[in-house]
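Asks: Pasting a structure below so you can have a look.
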Amino acid sequence: MTEISKIPAASIKSDERLKKVSVLTSLMRRPELGAVAGLVMVVIFFFFTADTSMFSLSGMMTILAPASQLGILAIAASMLMIGGEFDLSIGSMVAFAGLIFGGLLVNFGQPLWIAILFTLLFAALLGAVNGQIVIRTRLPSFIVTLAFLFILRGLTLVGLKWATGGSTQLRGISEAVGDTSIAGLFSGLAFQGFFAWLAENNLIEKFDNGMPKVAGVPVSVVWFVGLAGVATWVLLRTRVGNWIFAVGGDANAARNSGVPVDHVKTGLFALTACAAALVAIITVLDAGSTDARRGFQKEFEAIIAAVIGGSLLTGGYGSAIGAFFGAIIFGLVSIGLTYTKFDSDWFQVFLGTMLLLAVLFNNFIRRKVTGER
Amino acid sequence: MADIQSNSPAPIIEARDIVKHYGSVIALSGISMKVLEGEVLCLLGDNGAGKSTLIKTLSGVVKPSGGELLVDGKPVTFSSPRDALDAGIATVYQDLAMIPLMSVTRNFFMGREPRKGIPPFRYIDFKHCDAVTREEMHKIGIDVRDPNQAVGTLSGGERQCVAIARAVYFGAKVLILDEPTSALGVAQTSMVLKYINHVQQKGLGVIFITHNVRHAFAVGNRFTILNRGKTLGTYAKSEISIDELQNMMAGGKELQALSNELGGTI
Ligand SMILES: Nc1ncnc2c1ncn2[C@@H]1O[C@H](COP(=O)(O)OP(=O)(O)OP(=O)(O)O)[C@@H](O)[C@H]1O
Ligand SMILES: [Mg+2]
C-alpha cells in the first residue's frame, strides 16, 4: 500500500503541464466575446458611414429604446436557451399579454397594479404550461412553442375583437390607467431630475428655454440594464445558475447529479413568458393602446440576439450579458441604417449575415474552449 | 447465514426482490442484496447482467417495477436521484453524469452547491469550491491544471476521477461505484482501490461494480454475482476463491476453452 501511495504523490508535486492560464484563454472562455467583438465592429462601421447625430445623446436614446424592449426578451430567451430549450411563442405572448393587460384595464376597469400583477402571473402560468407540455411529452420545445405561437396570436385576435366589439386594436388605455405613481415604473422616462441637472450645468445639450433635449432615459432601458445585471449574476454566481447550465448541457447527467431538472426548465419557461408580459406592459402603456400585431416576429429577433450573444442552439452554453450586447447590436443596425446613406432595407441582409457569422464563431469557440472531441 | 448476522448491525442499504421491466425486457427479476456498515460489496456479472440497472434503483434514477428498498432498515422510495443523495447515497455512474461544457468545479458541486449570504441573495462561494475541487482531485492523484477548465477538455480517466472524487466527497452513508476504474491508469486505479478501503474504514457502505476479479478481490468483503437479471449467489471472501469467482462472473460460459485457445492469458 505504501508503494501505491507514493507513485501519484510524486507525480503531483511538479506537473510540467501546469502552466498559467493565459488572459487570452480565460477571455476566450467567455461566451459573450463574439458579441463584444461584433458590437465594436458595428460601431466602427457606423462611425465612418453614419451621420454624427447618431452618436449624440438623443441618437443613442432612439437606438436604446427599441433595443431595450428586444433585449428584455433576448435576456430571457438566452437563459432558456442555456437551459436547452426554445420558446417561439414569446412574440405572440407579448400580444396576448397586451390583450390581457389592456382588457383588465379597459374592459374590467381594474386598477393598474392589479392589471400588472395579474398579467405577469397569467403569463408565468402559461409559460409553465408550455414547459410542462415539453417536459411531459418529451417533444422538442421548438414544435410545442411553435404551436403556441399560433394559438396565442389567434387568441389575441379573437380576444381583441371580443373586447372591442370587432376591432383589432384596443384603445383607451391611458385614460383607464389615470394618474398613478406605479405607472412611472413601467412607462415614460427615468432620471429626469438628473438630466435636468446635467442641462443646468451645461453638461448636455438643451433647448433655448433651458430644458434638456433628452429629458431622461426610457424606463425600458433601466429594466433592460437591471435585468441583464441580475441575469448575469444568477447565471454566473448562484446555484440556480449552475442548474441552468447543467440542465442545458445534459439533462440526464444533471438529473442524476441531483439537479431538479423539471423545476428548472418549467421556471425558465415561466420566466421567458414573464419577460414577454413585461415588454407588453411597457409598450402598451407607452402606446396607450394594444393591437394584434404587437410583438410580431419578436421571438426570432430575441433568439437571434441571444445567438449573437454567444448562446449555443444546443444549450448549456451562453450568457445573458451577451444577449444584452446582441440586442444593442440589433438596435444599432436597425436604427443606425437610417442615419446612413444606405437603404434601410439592407437591415435584414445585415441581420442574416450577423446571425450566420455568430453561429460559425460560436461553434468554433465551443470546440476550441471545451476541447470537444 | 441468517443466524450469524442477526446480532450484527442493520444493513445500511438493502434491496429486497427488486424487479425491473423495460416493456417486455426483464432487466432484473427479483434481486436481493444488502450492504452493512463498513463493508464493500462487489457486484459482479457479465455485460447486460443488470448490475447498472440494480444500482440505478438504489440511486433513484430508475424506479423499480417491484420489490422494496430499505435504508437503515426503513423502507424508502426514491422519486429522484436527489432523494437518494439526500439520504446519503452517492453514485459514480457508468456514464459519469458529467457536463462536458461546464467547468470541473461546477461539475464537482453540481446539485450540491454550497452557498453563502442571506436568502434572496445567496451565491456560490467559488473560491472555496475551487479549492475543494483541487484538493479532492489532488488526493485521488490528479492535478487539475485549472478548476475552471471545461470537463470536456479532460481525458476520459481524469473525468472518471472527478466523478469518483465528487461521490466520495458527498457520500455520507453509501458509495456506489459503477465500473469506476474502466478508463484509469495503474496509479489512479490503485488510488481508487485505496479510496474504497479508506471510505470503508470510515464506516460507509460501498457497492463496487467491476469486471476485474483482482480488483474485486483486493477490496471486497462480499461478492454478489448477477446473471441475466438474477443473483447466482452472495459469497463472503472466505467462502470463495478468485478462480471460482472468475468462472461465475462469466455466467458459466466456457472460459477455460477460450483461455486455452488464447494461450492461457485470460
Ligand atoms: N432503458 C432501458 N430500456 C430497455 N432495456 C434496458 C434499459 N436499460 C437496461 N436495459 C437492459 O437491461 C439489461 C441490463 O442492463 P445493465 O445496464 O444493467 O447491464 P450491466 O450489468 O450494467 O452491463 P455492463 O457490464 O455492460 O455495464 C440489458 O439487457 C439491457 O439491454
Ligand atoms: Mg453497467
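Top to bottom, those sequences are chains A and B. Note that the first sequence covers residues 7 to 379 in the working numbering. Note that the second sequence covers residues -16 to 249 in the working numbering. No residue lacks a Cβ here, since even glycine has one placed at the ideal position from N, Cα and C. The structure displayed is predicted, hence computed values, not measured ones.
With a threshold of 8 angstroms between beta-carbons, can B:PRO64 be considered close to chain E, or not?
Replies: In the structure shown, chain E does not exist; the protein chains are A and B.
Asks: Only counting the same chain, and skipping five residues up and downstream in sequence, which positions put a Cβ closer than 8 angstroms to that of A:PHE148?
Replies: Excluding residues within five positions, the ones whose Cβ falls inside 8 angstroms are PHE92, LEU94.
Asks: By alpha-carbon positions, which one of A:GLY358, A:ALA311, A:SER295, A:ARG36 ends up nearest to A:VAL183?
Replies: Closest by alpha carbon: A:SER295.
Asks: Report whether the distance from the Cβ of A:LYS304 to the nearest heavy atom of ligand 2 is below 7 angstroms.
Replies: A:LYS304: no, Cβ never under 7 angstroms from ligand 2.
Asks: Could you give the first and the last residue of the continuous alpha helix (DSSP H) run that contains B:VAL64?
Replies: In the sequence as presented, Val is not what sits at residue 64 of chain B; that position holds Pro. 64 to 69 is the extent of the alpha helix (DSSP H) around B:PRO64.
Asks: Evaluate contact between the stretch 242 to 252 of chain A and the stretch 104 to 124 of chain B, counting only Cβ atoms and requiring at least three cross-stretch pairs below 8 angstroms.
Replies: Contact holds: three or more Cβ-Cβ distances are below 8 angstroms.
Asks: Do B:VAL169 and B:ILE179 have their C-beta atoms within less than 8 angstroms of each other?
Replies: Going by C-beta atoms, B:VAL169 is not nearer than 8 angstroms to B:ILE179.
Asks: Can you tell me where the alpha helix (DSSP H) holding A:GLU305 begins and where it ends?
Replies: First-last of the alpha helix (DSSP H) with A:GLU305: 304 to 314.
Asks: Between B:GLN252 and ligand 1, is there a pair consisting of the residue's CB and a ligand heavy atom that are separated by less than 7 angstroms?
Replies: Past the boundaries of the shown model lies residue 252 of chain B; chain B is included only from -16 to 249, so the question cannot be answered.
Asks: What residue from B:TYR152, B:THR136, B:ALA150 has the CA that sits closest to A:ARG373's CA?
Replies: Checking every option, the nearest Cα to that of A:ARG373 belongs to B:THR136.
Asks: Shorter than 8 angstroms from the beta carbon of A:PRO266 to some beta carbon of chain B?
Replies: Yes, A:PRO266 lies at the interface with chain B (some Cβ there is under 8 angstroms from its Cβ).
Asks: With 8 angstroms as the threshold, decide whether the Cβ of A:ASP256 is near any Cβ in chain B.
Replies: Yes, its Cβ sits closer than 8 angstroms to a Cβ of chain B.
Asks: Strictly closer than 5 angstroms from CB to any heavy atom of ligand 1: give me those residues in the order they appear in the chain.
Replies: For ligand 1, the selected residues are B:TYR5, B:VAL8, B:ALA10, B:ASN30, B:GLY31, B:ALA32, B:GLY33, B:LYS34, B:SER35, B:THR36.
Asks: Would a check of beta-carbon distances place A:SER389 closer than 8 angstroms to chain B?
Replies: Residue 389 of chain A falls outside the range modelled here, since chain A spans only 7 to 379, and no answer is possible.
Asks: Per DSSP, what kind of secondary structure is B:SER173 in: helix, strand or coil?
Replies: DSSP places B:SER173 in helix when its eight states are reduced to three.
Asks: Taking 8 angstroms as the threshold (C-beta atoms), are B:LEU187 and B:LEU158 in contact?
Replies: Result yes, Cβ atoms of B:LEU158 and B:LEU187 sit closer than 8 angstroms.
Asks: Should B:ASP0 be listed as close to ligand 2, given that the test is whether its C-beta is under 7 angstroms from any heavy atom?
Replies: Result no, Cβ not under 7 angstroms from ligand 2.
Asks: Quick one: does the C-beta of B:ASP69 sit closer than 7 angstroms to a heavy atom of ligand 2?
Replies: No, the beta carbon of B:ASP69 sits no closer than 7 angstroms to any heavy atom of ligand 2.
Asks: Spell out whether any CB of chain B is found under 8 angstroms from the CB atom of A:TYR345.
Replies: Chain B, which has no Cβ nearer than 8 angstroms to the Cβ of A:TYR345, makes this no.
Asks: Where does A:ILE139 fall in DSSP's three states?
Replies: In this structure, A:ILE139 counts as helix in the three-state DSSP scheme.
Asks: Use the C-beta contact count for A:LYS12: other C-beta atoms within 10 angstroms, 16 or more gives buried, fewer gives exposed.
Replies: Any reading at A:LYS12 must be qualified, since the residue scores a pLDDT of 38, below 50, and its modelled position is unreliable; no value is offered.
Asks: Flag B:ILE38 as yes if its beta-carbon sits less than 8 angstroms from any beta-carbon of chain A, otherwise no.
Replies: So no, B:ILE38 is outside the interface.
Asks: With DSSP collapsed to three states, give me the class of B:ARG89.
Replies: DSSP places B:ARG89 in helix when its eight states are reduced to three.
Asks: Does DSSP classify A:ARG35 as helix, strand or coil?
Replies: Correct three-state label for A:ARG35: coil.
Asks: Whole angstroms are fine: how far does the CA of A:HIS269 sit from the CA of B:LYS3?
Replies: Each residue's alpha carbon lies about 27 angstroms from the other.
Asks: 8 angstroms is my cut-off, CB to CB: does B:ILE1 come that close to chain A?
Replies: Not an interface residue.
Asks: Under 9 angstroms Cβ-Cβ, which residues of chain A neighbour B:ILE147?
Replies: None at all; the shortest Cβ gap to chain A is about 13 angstroms.
Asks: Ligand 2 and B:ASP226: does any heavy atom of the ligand fall closer than 7 angstroms to the residue's C-beta?
Replies: B:ASP226 Cβ: outside cutoff for every heavy atom of ligand 2.
Asks: So, using beta-carbon positions, are A:ALA41 and A:GLY254 closer together than 8 angstroms?
Replies: It is not a contact, given that the beta carbons lie outside the stated cut-off.
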